[in-house]
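Chains as they are written, first to last, in this note's numbering: chain A, 61 to 222; chain B, 26 to 531.
What follows is a single structure, written as C-alpha cells, with notes after it.
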Amino acid sequence: MMAMSPIYARLVAIVIATVALVFIYGSLKMPMGTLLTPAAGLVPLLLGCGTLVLAIVDIVSPEPAKAEGAISPEAEAQDQPDESRKVPRPLLIMIVLGLIIFAFERAGFMLSLLVGTFILLRFVERRPLVQSFIISLVLSSGLYFLFSKLLYVNLPEGWLWF
Amino acid sequence: MVLIMTGILNDLILGLSVTLSPNVLVYAVLGCVVGTLVGVLPGLGPLAGISLLLPLTFGLSPTTAIVLLAGIYYGAMYGGSTTSILMRIPGETASVVTCLDGYEMARKGRAGPALAIAAIGSFVAGTISVLILMLVAPQIARFALKFGPAEYVGLLTLGLLSLSQLSSGSRLRAMLMSLVGLSLGMIGIDPLSGYARFTFGIHELADGLGIVPLAVGGFGISEILLSAGAKSPPAVKTPRLRELLPNGQEARSSVGACLRGTFIGFAIGLIPGSAHILSSFVSYAVERRVSKHPEQFGKGAVEGVAGPESANNAAATSAFVPMLALGLPSGAIPAVMLAALMTHGIPPGPKLIQEQPHLYWGFVASMYVGNIVLLILNLPLVGLFVRVLRIPYSILYPLILVMCAVGVYSVNSSTADLWVMFAAGGAGYFLRRANYDVAPAILGFVLAPMFEMSLRQAFTLSSGSLSIFIQRPIAATMLAAALLLILLNFLNFFRRVVLRQVGPRP
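Shown next, in the form of C-alpha cells:
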C-alpha cells in the first residue's frame, strides 16, 4: 500500500473538519432540549464539536512517525508494478463499481455483473479477451444461481428478465 | 463451586447439541475453511473477510450466522501462519512475528514441523481459552447486570479511548475516527423523539446507515483498492504429510511456549484494540526473555513460532468475552459480529447469556468444534490452501468486488446501500492511505446508539445533573480512567508539538 505525503493527510483532516462543521450546523437546527430531557440535537452537537477540535489538532500537529513494521518506500514501489498507466487503477475500479451499481436495477443483475466484471478483467487488468468473457460469464451466472436459487434473494430484473 | 461446574457442564452439553446438529455443523466447518483461505491470502485479513461475507449470513439463523463468522475469524488466525512460515508473507497482521522464526525453520528444511507446531499451538491455545471464556464470561455478565446508564457511558467512553491508545497508527487520529464513527451513528430517525437527523430528505437514510455497507466498503472495498496491482506471490514447495511431525526436542521446546502464549494472549485479548496482533509481539518478547538461547531467535527458534501463534489464537477467543458478557466489542472484528447479531434482532448486553442460551452456548461449543476441525483441516490440506495463492490477484479481486456488491444488495434489496458501500469504500481508501485507521470508526458507529441512549438516560435519571457520573463509583472510576488517558495524550501532544517548536534549552 502506498502511503500519501503529509500534505494529503492534512487535506483529509481538513475535509473531516469541514464535514464536522456541517454536522454542527445541522445539529444546531435540531431541537436541543435541556440536560434533564436531552433532545435529538444535543449528542450530535457534542460529537460534532469533539470531531472538529480533534481534526483541528490533527491539522496543526506534525505528521506522526511511521508505525513499527510499516512498509518501506522501496517495498511500496515494488507493490505498485504498473505506475506507467495514466489513470490510477483504484479510480478505474471505482468507476466500474459505480457503473455496476448504476446499472444494477436498470439493466438487471446478470447483465450489469457480466459487463462490469468483463470491463474489469479485460480493460482494467488487461486479461485475454476469451478468458475475461468466460470468467465474467461463470461468475455472474454462478452468483445469480447462488443468490437467487439457493439464498432466495430477490435480485433485480432488467432488460433480460434476470 | 460444584453447582457452578455442573451448571456449566449442562450448558455446554446444550451448546454441543446445537453445534453438532448437521445444519450448524456444516456452517462451522464452512466458516473454518473460508477463514483459513482468508488467512492464507495476503491482504485479505479476518476483518475484511468477515465484512465481505457478512451479508451472506442474513439468510441464516442467528446461531448459525455467529458460528459461521466465528469460524472465519479463528480460521483466519490459523491460516495466517501458513504463508508466514512457507513464504515469509504474513497472511494477516497477527502472523507477522511468525515470519521471523517460522520462515527460518522452513529454510532449514523444517517447514513441516513449523506448520504443525503453529497448528497444534493454535489448537491448544484456542481450547484452553474457550474453557476460560466459558468460566469467566457468565460471571462478568452477572456483575454487569448491575450497570446502569451512567456505568455504560463510562464503559463505552473508556473502551473507545483505550482502543485509540492501542491503535497501530496515531492515537489522535484513532480518537478522531472513533468520533467520526459515533457521528455517523447519529444519522437516521432519533429513537426517542422521532426527529429525522441528517437524512436530507432521503427516505432510505431514515433507518440510519447500515453496518454491512459501511463495513464492507470501509474494510473490503478499500482493501481491494489498496491491493490493486499487487503481484501474485511466487510458487512454493509445500511439505508432505509425513514431514509434518516435530522431533522430540522441538516438541519439548514448544510446550512451555504454547502455555505461556495462551495465558498472555488471553489476558491481552481482553484489552480493547488489535489485541491479537499485540499479543503475538508480547509473547515473542517474553519467549525471547525466558529462553536459555535467546540468540536462536530470528534464526529458527521453535518457541518463536509456538508462543506467538498460541497467543494470537488465545487473544482471538478472549476478545469475545467483553462482547458476549457486556455487549461491548473490544475491537473491529467483534464489533462487526455484534452488528450481525443486532441485524438478526438479538440485543447485545449482559442479558444475552441468560436470554439466548442456545446462541451463547452454541457459539462456545462451536469454538471447541472449530478448533478440532481446523487442526484436522489445516495440516493435511496445507498444500491446497497454498495453491489458492497461485490465482492471480487480477482475477481474484473482480470476483470479490462483485460479491461485495451482490452481498450488500441482498440485505435490504436496496441500491442505496450499494451507494453507501461505494462511498465508504472510497472514503476508507483515502483515509487508510493517509494513515487513518478505519476500525475505530466502525466500532464507534456500532456503539453510537448505545452511547447516545445511555447518556440521555443518565441525564434524565439525574434530573439533568452531571453528578450521576461522580456519585456512582463504577462510572466514576471508568470516567476518571478515561480522563487520565485524555490528559496523558494531551501532555504527550504538548511535549511533541510545543516543546519541539521551542527547542531544547542551551
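Even for Gly, the Cβ is constructed at its ideal location relative to N, Cα and C.
Keep in mind that this is a model prediction, so the values were computed, not measured.
| Item | Value |
| --- | --- |
| DSSP state of Gly542/B mapped onto helix, strand, coil | One cannot answer for residue 542/B here, as it falls past the ends of chain B, which runs 26 to 531. |
| For Gly213/B: DSSP bridge partner residues | Arg222/B |
| Span of the alpha helix (DSSP H) around Thr97/A | First-last for Thr97/A: undefined, no H or E at that position. |
| Backbone secondary structure at Val213/A - three-state DSSP | coil |
| Presumed contact (8 Å Cβ cut-off) between Ile282/A and Gly108/A, rounded CB distance | Outside the modelled stretch of chain A, which goes from 61 to 222, sits residue 282/A, for which no answer is possible. |
| Sequence-distant residues of its chain with Cβ nearer than 7 Å to Ala90/B (five each side left out) | Thr82, Ala365 and His369 |
| Where Pro188/A meets chain B, residues with beta-carbon distance less than 7 Å | Result: empty, since nearest Cβ-Cβ is about 11 Å, beyond 7 Å. |
| Contacting positions in the segment 159-177 of chain A - beta carbon closer than 7 Å to chain B | Ile160, Ile161, Phe164, Glu165, Leu173, Gly176 and Thr177 |
| Beta-carbon proximity of Ser147/B to Tyr103/B, cut-off 7 Å | yes |
| Cβ contact (3+ pairs, closer than 8 Å) linking the segment 224-231 of chain B and the segment 482-489 of chain B | no |
| Backbone CA spacing between Val398/B and Cys57/B [nearest angstrom] | 7 Å |
| Simplified DSSP state of Ala344/B, which is helix, strand or coil | coil |
| CB contact check: Val445/B to chain A, cutoff 7 Å | no |
| Close Cβ partners of Ala360/B (< 7 Å) along its chain, the five nearest in sequence each way excluded | Pro354, Ile467, Leu468 and Val471 |
| Option in Asp36/B, Cys124/B and Gly100/B with minimal Cα separation from Ala331/B | Cys124/B |
| Proximity below 7 Å, CB of Ser154/B to CB of Gly127/B | no |
| N- and C-terminal bounds of the alpha helix (DSSP H) containing Gly70/B | No alpha helix (DSSP H) contains Gly70/B, which DSSP labels as neither H nor E. |
| Burial state of Leu363/B (16 or more Cβ within 10 Å) | buried |
| Delimiting residues of the alpha helix (DSSP H) encompassing Glu129/B | Val121 to Arg132 |
| Cβ neighbours of Ser120/B in the same chain (closer than 6 Å, five flanking residues each side left out) | Gly105, Ser106 and Ser109 |
| Counted within 10 angstroms of its Cβ, other Cβ atoms place Met202/B as buried (16 or more) or exposed | buried |
| Sequence-distant residues of its chain with Cβ nearer than 8 Å to Val413/B (five each side left out) | Leu62, Val65 and Leu66 |
| Three-state secondary structure (DSSP) of Tyr461/B | coil |
| Whether Ser343/B touches Gly374/B by CB criterion (7 Å) | no |
| CB contact below 7 Å: Tyr220/B versus chain A | yes |
| Terminal residues of the alpha helix (DSSP H) in which Glu380/B lies | Leu377 to Glu380 |
| Cβ-based neighbour list, Phe410/B, same chain, cut-off 7 Å, excluding 5 preceding and 5 following | Thr61, Leu62, Val65, Gly104 and Thr107 |
| Between the CA atoms of Leu402/B and Ile195/A - distance to the nearest angstrom | 29 Å |
| Short Cβ contact (7 Å threshold) for Ser200/A with Leu173/A | yes |
| Straight-line gap, Leu71/A to Ala80/A (C-alpha atoms, nearest Å) | 14 Å |
| For Gly176/A and Leu160/B, the rounded distance between their alpha carbons | 51 Å |
| Contacts around Val54/B, its chain only, beta-carbon distance under 6 Å, and the 5 residues preceding and following it disregarded | Val398 |
| Members of the segment 486-507 of chain B near chain A, C-beta cut-off 7 Å | Ser488 and Gly489 |
| With 16 other Cβ atoms within 10 Å as the buried cut-off, status of Ile289/B | buried |
| Terminal residues of the alpha helix (DSSP H) in which Ser355/B lies | Looking at the DSSP string, Ser355/B is not in any alpha helix (DSSP H), and its letter there is neither H nor E. |
| Selected residue, minimal CA-CA separation from Ser419/B, among Leu102/A, Arg182/A and Thr97/A | Arg182/A |
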